[in-house]
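Down below is the structure, laid out as structure tokens.
Here it is in structure tokens:
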């Protein structure tokens, strides 16, 4: 089997600098003052009170980003991000986001870097394209600077997983048709590489709720404390690299959207990374992961917003024996968020449900789980030279994962998190 070399596996690391170097080559670069640079960013300081299992970042099964198995109070410089957006011409824009976050593998790394082509048009049919590395269009909540959410600090279970293991290293094309009544119908599709390991963290650790988005060079720890993963899969590294190419076969997604501006938006997407499950390269297996995602956002009376997301899919890994894969997990999740804004104040409430089933070859590798979560957030934003934001948030998770019994813990755990955050946006 022909296997990709190191350059092919890590093509994403140079995407940002390569895209920004395209400025002189893009049409219109010397017109109307182009290129023109814009900078946006934020910094986030937090106080946390957490009562939970040891965090998954310490190779355990805790659902939160922080936690040591008891009741803990922490103060953290949580994250800082900077997005550079360069207008290269009337039709071209280059965007790159750099992030520094607590527990990040590299002190400074990129989360997105892409070139966007959107020709100006007065026609009812418009088209655009993106080339580079970017988040797939799954989330309707995480629309802020650096993929933050204006509603909560903690992402939903679905969006947490998207931030951890999904990124598009490739190209996307979009078509948008404005209908006679003002509605907009959109079709989009993409081809990508460097996402063959997506599913490893979801299967072996399960769903989580936090706000950590993986960077291009990240290594995310797997729950290896029990020793089960290493005993069954000795070739598997102790951490998963979410954005590497192991089999040389591209994946794709296709989707559609329907929007009535100012009232409602609907989006559907099907994703398949087409990974070969029998390939392992430098400690990283190919995980064949595919899923369907549905989302809607509605603007209600009294300045209320309603956002719902659902996701269901399957991930498989390893060479099948007798038609059974070593790891074979189906997964489901949904969330519903209701938010009310008034002046600089916003109050949001979200409910999450998630589950995973297992039909694995090895019974000791039990990846079943089910859970639910509630998130309540109040934030207040005000301007003083730049935008400042104060957040108070509470997250409650009730989950059942039989694999916890291998750690000497009860399968069912309830975890709580209080967050007080100060953010500055610029």
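Residue numbers (mature numbering (1 follows the signal peptide of the UniProt record, and there is no 0)): -27 to -1, 1 to 399.
We put the beta carbon where it would ideally sit given N, CA and C, even for glycine.
In the three-state reduction of the DSSP assignment, residue 46 falls in the strand class, which pools E and B. Rounded to whole angstroms, residue 340 and residue 93 show a C-alpha spacing of 49 angstroms.
Taken atom to atom, the span from the alpha-carbon of residue 139 to that of residue 249 is near 17 angstroms.
For the pair of segments examined, the region 274 to 285 was found to touch the region 296 to 311: the number of CB pairs separated by less than 8 angstroms reaches three. As summarised for the region 170 to 238, the continuous beta strand (DSSP E) elements at least 3 residues long and confined to that stretch are 224 to 233, given in chain order. Ranked by how close their Cα comes to the Cα of residue 12, the residues 239, 320, 60 and 25 have 60 in first place. Judged by DSSP secondary structure, residue 14 falls within the beta strand (DSSP E) whose first and last residues are 9 to 24. Around the beta carbon of residue 318, a 10 Å sphere encloses fewer than 16 other beta carbons of the protein chains shown; the residue is thus reported as exposed. Across the set 288, 233, 242 and 294, the C-alpha of 233 shows the shortest separation from the C-alpha of residue 270.
Taking the Cα positions, residue 187 is about 29 angstroms away from residue 337. Counted as a single uninterrupted DSSP element, the alpha helix (DSSP H) harbouring residue 138 occupies residues 130 to 138. It is roughly 42 angstroms from the alpha-carbon of residue 81 to the alpha-carbon of residue 96. Secondary structure of residue 28 (DSSP, three-state): strand. DSSP places residue 121 outside both helix and strand once states are collapsed to three, so it counts as coil. Between the region 362 to 373 and the region 381 to 399 there are three or more inter-stretch CB-CB distances shorter than 8 angstroms, so the stretches are counted as touching. Around the beta carbon of residue 116, fewer than 16 other beta carbons lie within 10 angstroms, which makes this residue exposed. In the DSSP secondary-structure assignment, residue 347 is bridged to 324 and 369. In the same chain as residue 334, and ignoring 5 residues on each side of it, the C-beta atoms closer than 7 angstroms to its own belong to 294, 297, 298 and 299, in chain order. In the displayed model, residue 96 falls within coil according to three-state DSSP, outside both helix and strand. Note that the C-beta distance between residue 342 and residue 200 is not below 7 angstroms. A residue is called buried when at least 16 other Cβ atoms come within 10 angstroms of its Cβ; residue 46 does not meet this threshold and is exposed. Annotation for residue 391: the continuous beta strand (DSSP E) segment containing it runs 385 to 398. Here residue 130 is near residue 306, since their CB atoms are less than 7 angstroms apart. When the Cα atoms are used, residue 320 and residue 276 turn out to be separated by approximately 11 angstroms. In this structure, residue 78 sits away from residue 172, with a CB-CB distance that is not shorter than 7 angstroms. Residue 377 has its alpha-carbon roughly 22 angstroms from the corresponding atom of residue 290. For residue 260, the uninterrupted beta strand (DSSP E) run begins and ends at 260 to 273, by DSSP. Around the beta-carbon of residue 207, fewer than 16 other beta-carbon atoms lie within 10 Å, marking it exposed. In the three-state DSSP reduction, residue 33 falls in the coil class, being neither helix nor strand. For residue 304, the uninterrupted beta strand (DSSP E) segment begins and ends at 300 to 315. Shortest Cα-Cα distance from residue 304 to any of 348, 210, 328 and 244 involves 328. Each residue's CA atom was taken as its position, placing residue 231 and residue 154 some 13 angstroms apart. Residue nearest to residue 216 within the set 30, 88 and 106 is 106 (criterion: CA-CA distance). Here residue 146 is actually not in contact with residue 225; their C-beta atoms are around 11 angstroms apart, not less than 8 angstroms.
Setting aside the 5 residues that flank it on each side, residue 103 is surrounded in the same chain by 87, 89 and 145, each with a C-beta closer than 6 angstroms to its C-beta; the list follows chain order. Within 10 angstroms of the beta-carbon of residue 9 lie fewer than 16 other beta-carbons, which makes it exposed.
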